[in-house]
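Engineer: Structure below; questions to follow.
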Amino acid sequence: MENVTLTIDGKKVTVPKDYYVIQAAKKVGIDIPALCYDPNLEVVSACRLCLVEIEGRKKLETSCSTKVKEGMVVYTESEKVVAIRREILQLLLDNHPNDCLTCQKAGECLLQQYAYRYDVKFREHDGARRPNYVDTSSPYILKDDSKCILCGKCVRTCSQVHDRKVLSFAGRGFDTRIVADADFSLEESTCVSCNRCVVACPVGALIDRRVLGKTRVWDSEIKSIKCKACNYGCNFEVLSKKGKNIAVRAKAPSEGRPLCLKGRLTTELLYVDEPETPYKKENGKFVGTSWKEALELDGVFEKLLEEEKSK
0 MENVTLTIDG
10 KKVTVPKDYY
20 VIQAAKKVGI
30 DIPALCYDPN
40 LEVVSACRLC
50 LVEIEGRKKL
60 ETSCSTKVKE
70 GMVVYTESEK
80 VVAIRREILQ
90 LLLDNHPNDC
100 LTCQKAGECL
110 LQQYAYRYDV
120 KFREHDGARR
130 PNYVDTSSPY
140 ILKDDSKCIL
150 CGKCVRTCSQ
160 VHDRKVLSFA
170 GRGFDTRIVA
180 DADFSLEEST
190 CVSCNRCVVA
200 CPVGALIDRR
210 VLGKTRVWDS
220 EIKSIKCKAC
230 NYGCNFEVLS
240 KKGKNIAVRA
250 KAPSEGRPLC
260 LKGRLTTELL
270 YVDEPETPYK
280 KENGKFVGTS
290 WKEALELDGV
300 FEKLLEEEKS
310 K
């Protein structure tokens, strides 16, 4: 692969010619803020937060979709760029609940991180706000439309698995929302509770309900593990507090790993000291069930019992 050399904020970097500016910046330790960008997902340039200034170009360019070129000179924190970023962040905060103190995503929320970085604060206004609709129908995922920033990462990661494609955009303009199937609740929809969307969400619009209220990122010890339910070996984290394993949560499904509820429940049963009741869907409704049934181990248990009796 042919390489090109460019300059980003005064730092020279040589990268493959098919790199995007945001990737090249990362190579030299420059973090360009972005809410919709994910290296594992299709590039859509929706949030506009990753805009940068490039010498010789009249307008700002999105660094997530602009390919590098030989001799390119890029400024990621120019006065013009910072002003636009602050304006975008202010508009997002104007339509966002001011509940960072109690939000489960606090400490990991990218909107919170960038608002702090650029000194953008909540302000009082009489304008319209996104409806305060919270979907609590699923025991695995909490969906809060009032916190959604419409980055579309949940839609794109869900569509990567060919037999899912549950989430999509609905409505127009200010009324645009992320919906499950034909605007069903998560319980009524074909959602399989794999939690890909939760992992991808940069804010608190999608939350893992099995972790909700138990701990937050700064108040727990985190250990990375691999799921043992199948050969994919999806990545998970075990959250511990005061010497006790209290929850597990999925990590980004990179390298084609799909994530699944069975794997998540298997990991939870193996590592959590006091695992919660598992649930399964029956006729479009979540019902509590046994771990044996949730993990489809009925036949396995029977076989083991038969072997024990034959000894």
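For the sequence shown, numbering that gives the first Met the number 0 gives the first residue as 0, with consecutive numbering after it.
Even for Gly, the Cβ is constructed at its ideal location relative to N, Cα and C.
Report the rounded CA-to-CA distance for residue 296 versus residue 280, giving the unit in angstroms.
Structural biologist: Rounded to whole angstroms, residue 296 to residue 280 spans 17 Å at the Cα level.
Engineer: Which same chain residues end up closer than 7 Å to residue 131 when comparing Cβ atoms and leaving out the 5 residues on each side of it in sequence?
Structural biologist: Answer for residue 131: 145, listed in chain order.
Engineer: Mind reading off the beta-carbon distance from residue 34 to residue 148? Whole number of angstroms is fine, and I expect it under 8 Å.
Structural biologist: With 8 Å as the limit, residue 34 and residue 148 qualify as a contact, their Cβ atoms being about 6 Å apart.
Engineer: Considering only C-alpha positions, which residue in the set 223, 53, 63 is nearest to residue 77?
Structural biologist: Here the closest residue by C-alpha is 53.
Engineer: Quick one: using the 10 Å Cβ neighbour count with 16 as the cut-off for buried, is residue 71 buried or exposed?
Structural biologist: Buried is the call here.
Engineer: Between 219, 210, 283, which lies nearest to residue 315 when the distance is taken from Cα to Cα?
Structural biologist: Nothing about residue 315 can be reported from this structure: the residues present for the chain run from 0 to 310 only.
Engineer: Which of helix, strand or coil does DSSP assign to residue 158?
Structural biologist: The answer is helix: DSSP assigns residue 158 an H, G or I state.
Engineer: To the nearest angstrom, how far is the alpha carbon of residue 18 from that of residue 293?
Structural biologist: Those two C-alpha atoms are separated by around 44 Å.
Engineer: Compare the C-alpha of residue 125 against each of 107, 93, 108, 151 and name the closest.
Structural biologist: Of the candidates 107, 93, 108, 151, the one whose C-alpha sits nearest the C-alpha of residue 125 is 93.
Engineer: If residue 244 sits next to residue 270, beta carbons under 8 Å apart, how far is it from one beta carbon to the other, in whole angstroms?
Structural biologist: Right, the Cβ-Cβ distance comes to about 5 Å (below 8 Å), so this counts as a contact.
Engineer: Taking Cβ positions, are residue 314 and residue 235 nearer each other than 8 Å?
Structural biologist: As shown, the chain starts at 0 and ends at 310. That puts residue 314 outside it, with no answer to give.
Engineer: I'd like the span of the beta strand (DSSP E) that includes residue 287, first residue to last.
Structural biologist: 284 to 287 is the extent of the beta strand (DSSP E) around residue 287.
Engineer: Go ahead and label residue 95 buried or exposed: buried means 16 or more other beta carbons lie within 10 angstroms of its beta carbon, across all protein chains shown.
Structural biologist: Residue 95 comes out buried.
Engineer: In this structure, does DSSP put residue 110 in helix, strand or coil?
Structural biologist: Residue state, collapsed to three classes: helix.
Engineer: For residue 36, does the count of other Cβ atoms within 10 angstroms reach 16, so buried, or fall short, so exposed?
Structural biologist: Buried, because 16 or more other Cβ atoms sit within 10 Å of the Cβ of residue 36.
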